[in-house]
Amino acid sequence: MAERELNILSLDGGGVRGMSTLFILKSIMEAIDREHPPKPCDFFDMIGGTGSGGLLAIMLGRLKMDIDQCIVGYPRLCRHIFARRKRLSLTEMSHISIKRRRAKYDGKKLAAALKGILRELGHEDRDILLQDVDLSCRVFVCVSDASTGKIVPLSSYPSKYCPNELYKTTKIWEAGLATFSNAALFEPVTLGPSSQRRFTDASAQANNPVREVWIEAKNVWRLTTLESQLRCLVSIGTGVRTIKRPAARKTSGVSAVLGFGKTADAGIADPEVETNKFIQEHSELDDDGRMFRFDVPNGLAEIELDAIEEIDTVADATHEYLSKELVYKQVRRCGRALARPESSEVSFPNRR
């Protein structure tokens, strides 16, 4: 392998704020080639995500959609699944368990929306697997075992951390459903041939999955030091809170070191805490200009996951963020870092 070949993309969770991810990524792809922006799957060797980031990882990496397709399809999907649940009668509620009543939205709507995307992309088989023979852009999504709280990566490639039965049987729409199903909004999703394991999103443990992405990349390419082979690592958030929350509780021991043994905690893990820790551990990447973190400030993260009425607010805040001179220059640097030697010259046009 040539030196510094790998480009890796990590996508945070954020529900409707996933639109911010798409606009930031669009800006990065346009920095590489303004006239013909490449698909992310053609530039990134691995894409990993949690929640909305996991769903977008599937759309961009496994389904090989371009950014504009996602910008059209993702808000449509959000508007479809975040329609309010109908009010049930007392008789109907009496037949539903307490735990089930907590689900705010119907996962069947999300499953149907994901199958609709497959249909629109020309896939006759709606049950196509996440597993992919094309390894040019590996994809994984973070989910949490509903019983143990441990993070499990559902991957398009063989992974030591993804149980073999899940790797061989998980469908694309199932992976998207599981990684998007926030425990406070959806019922857990049953996966696997035994139909006994249930999963939710992993936002409580790894809403910013940069560490999980790093671990997966080291495992896939069997590298003792991934740094020597890394061209660029891009991490995209879905907004910074105005007021910081306490960090999620950590586990200790081997499982914590591996990254896939954290236990669930209430709320969503603070992505900025994870970013700061990761940069401290891999400061040479930041020093060398090979790691980039993009995240809209000023409280964007306070927009709720299901606030479909705020999608335009998310878009406006992100465009304002990208128009700032320091951010614009950072996007240009990121495009330069991502471009491989065989790529055409990176274009850095004036802003619109």
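Here the UniProt record's numbering is used: the first residue of the sequence shown is 1, the next is one more, and so on.
Glycine included, each C-beta is placed from N, C-alpha and C at the ideal position.
The structure displayed is predicted, hence computed values, not measured ones.
- Looking only at Gly-299, Arg-293, Arg-17 and Leu-166, the smallest Cα-Cα distance to Arg-241 is reached by Gly-299.
- Relative to Val-141, the option among Met-19, Arg-211 and Asp-288 whose CA is nearest is Arg-211.
- For the options Ala-113, Cys-41 and Gly-48, the alpha carbon positioned closest to that of Tyr-74 is the one of Ala-113.
- Linking His-36 to Met-29 through their CA atoms gives a straight-line distance of about 9 Å.
- If you look at Arg-293, you'll find it in the beta strand (DSSP E) that goes 291-294.
- Ranked by how close their Cα comes to the Cα of Arg-79, the residues Leu-154, Arg-17 and Pro-158 have Arg-17 in first place.
- Each of Glu-216, Trp-173 and Lys-104 was checked against the Cα of Ile-151, and the nearest Cα belongs to Glu-216.
- Separation of Gly-335 and Ala-31 (C-alpha to C-alpha, rounded to the nearest whole angstrom) is 5 Å.
- Taking a contact as a CB-CB distance under 8 Å, the pair Gly-51 and Asp-201 counts as one, their CB atoms being some 5 Å apart.
- Between the alpha carbons of Leu-223 and Gly-149 lies a distance of about 28 Å.
- Taken in chain order, the whole beta strand (DSSP E) runs of length 3 or more contained in the segment 275-333 are 291-294.
- In the three-state scheme derived from DSSP, where H, G and I count as helix and E and B as strand, Val-210 is classed as helix.
- Per DSSP, the continuous beta strand (DSSP E) segment holding Arg-231 begins and ends at 230-236.
- Counting only runs of 4+ residues, the alpha helix (DSSP H) found wholly inside the segment 113-182 occupies 164-169 and 172-180, in chain order.
- Leu-226 is positioned such that its CB atom lies closer than 7 Å to that of Lys-218.
- Nearest C-alpha to Ala-301 among Phe-292, Ala-317, Asp-288 and Arg-293: Ala-317.
- The alpha-carbon separation between Phe-44 and Arg-197 amounts to approximately 31 Å.
- With a threshold of 16 other beta carbon atoms within 10 Å, Val-220 meets it and is buried.
- Bounds of the beta strand (DSSP E) holding Gly-49 are 46-50.
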